[in-house]
Amino acid sequence: MNEAFVRLEAITKRHGDREVVSNVSFDVAEGEFLALLGPSGCGKTTTLRLIAGLETPDAGEIWIAGRRVTAEGRNLMPPRSRGVGFVFQDLALWPHLTVTGNLDFVLASAKIPKHERAQRIAEILRLVRIERFAQSYPGQLSGGEQQRVALARALIARPRLLLLDEPMSSLDPNLKADLLKELAALQQSLGVTAIYVTHHEDEAAALATRMALMMDGRIELLDKKERVKLNRSKGAMSFGEPDYEAV
């Protein structure tokens, strides 16, 4: 295992009187695909947003690529400087821009020279297989096509860290299975470090090299061998075999 690329140290986040993330610590190695698995409302999305810099923790530290980006209840580095690509649960595509426009906006914001943008856009469209939709608007695309656009937008600036917040929750099972395979292959080919939030075991198993289980704002277990089972009837999480790290 490589040295940690992402490190959370005793991260806590409160919303009013409620502690939504409570003393969370874990590492993600460079090039690793970690699934953050747990029921709705357990703090998964907030954890992802804290890593991205979209929210500020009340306590603890976050490190990305050897740089401390959060400490002492404040963000030390803005989101745009963290080298992070983010795929949101609702995808958050800009409806008034074409697919190309969505991608070009990201590159322009990153101050990529105009002459370089067209080449990058063509490359990423080929990579996620949506070349024919380059001039389409998000509202003209199917759910799976929109998901590919959101992934392309997250990757267009060539981030070293990819964060995905349940992006496939609205897709039908067959389409989701195909896209999960493609996403796993894409992550491997690019070598990007990835954290994928989900409450579905099948998604986590299809993607992750390791899984973190979250309950009530806390990381309960880190699995080494992808045998997580979520016992929804009891509201608890368990493993198929006791091969885990207690946290």
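Residues 7 to 253 (the working numbering) are what the sequence shown spells out, left to right.
Glycine included, C-beta positions come from ideal geometry on N, C-alpha and C.
For residue i, report the span of its beta strand (DSSP E) as first-last.
{"i": "residue 18", "result": "10–21"}
{"i": "residue 92", "result": "90–93"}
According to the Cβ coordinates, are residue i and residue j closer than 7 Å?
{"i": "residue 221", "j": "residue 44", "result": "yes"}
{"i": "residue 97", "j": "residue 156", "result": "yes"}
{"i": "residue 255", "j": "residue 66", "result": "Residue 255 lies beyond the residue range present for the chain, which begins at 7 and ends at 253; the question has no answer from this structure."}
{"i": "residue 169", "j": "residue 201", "result": "yes"}
{"i": "residue 163", "j": "residue 116", "result": "yes"}
{"i": "residue 199", "j": "residue 61", "result": "no"}
{"i": "residue 203", "j": "residue 54", "result": "yes"}
{"i": "residue 19", "j": "residue 12", "result": "no"}
{"i": "residue 56", "j": "residue 32", "result": "no"}
{"i": "residue 225", "j": "residue 75", "result": "no"}
Helix, strand or coil for residue i, going by three-state DSSP, please let me know.
{"i": "residue 38", "result": "coil"}
{"i": "residue 32", "result": "strand"}
{"i": "residue 219", "result": "strand"}
{"i": "residue 171", "result": "strand"}
{"i": "residue 226", "result": "strand"}
{"i": "residue 116", "result": "coil"}
{"i": "residue 106", "result": "helix"}
{"i": "residue 49", "result": "coil"}
{"i": "residue 2", "result": "An answer regarding residue 2 cannot be provided, because it is not within the stretch 7 to 253 covered by the chain."}
{"i": "residue 71", "result": "coil"}
{"i": "residue 201", "result": "strand"}
{"i": "residue 80", "result": "strand"}
{"i": "residue 161", "result": "helix"}
{"i": "residue 24", "result": "strand"}
{"i": "residue 131", "result": "helix"}
{"i": "residue 147", "result": "coil"}
Please tell me whether, using a cut-off of 6 Å, the distance from the CB of residue i to the nearest non-hydrogen atom of the ligand MN is below it.
{"i": "residue 19", "result": "Ligands displayed in this structure: none; no statement on the ligand MN is therefore possible."}
Buried or exposed for residue i, going by 16 or more other Cβ atoms inside 10 Å?
{"i": "residue 171", "result": "buried"}
{"i": "residue 108", "result": "buried"}
{"i": "residue 50", "result": "buried"}
{"i": "residue 114", "result": "exposed"}
{"i": "residue 197", "result": "exposed"}
{"i": "residue 63", "result": "buried"}
{"i": "residue 138", "result": "exposed"}
{"i": "residue 210", "result": "buried"}
{"i": "residue 182", "result": "buried"}
{"i": "residue 38", "result": "buried"}
{"i": "residue 152", "result": "buried"}
Considering just the uninterrupted stretch of the alpha helix (DSSP H) at residue i, what are its terminal residues?
{"i": "residue 63", "result": "Careful: residue 63 lies outside any alpha helix (DSSP H) and carries neither H nor E."}
{"i": "residue 179", "result": "179–196"}
{"i": "residue 99", "result": "Looking at the DSSP string, residue 99 is not in any alpha helix (DSSP H), and its letter there is neither H nor E."}
{"i": "residue 214", "result": "Counting along the chain, residue 214 falls outside any alpha helix (DSSP H), and DSSP gives it neither H nor E."}
For the 8 Å Cβ check, are there 3 or more pairs between the region 79–90 and the region 136–149?
no
Can you find at least 3 beta carbon pairs, one from the region 88–104 and one from the region 117–131, that sit closer than 8 Å?
no
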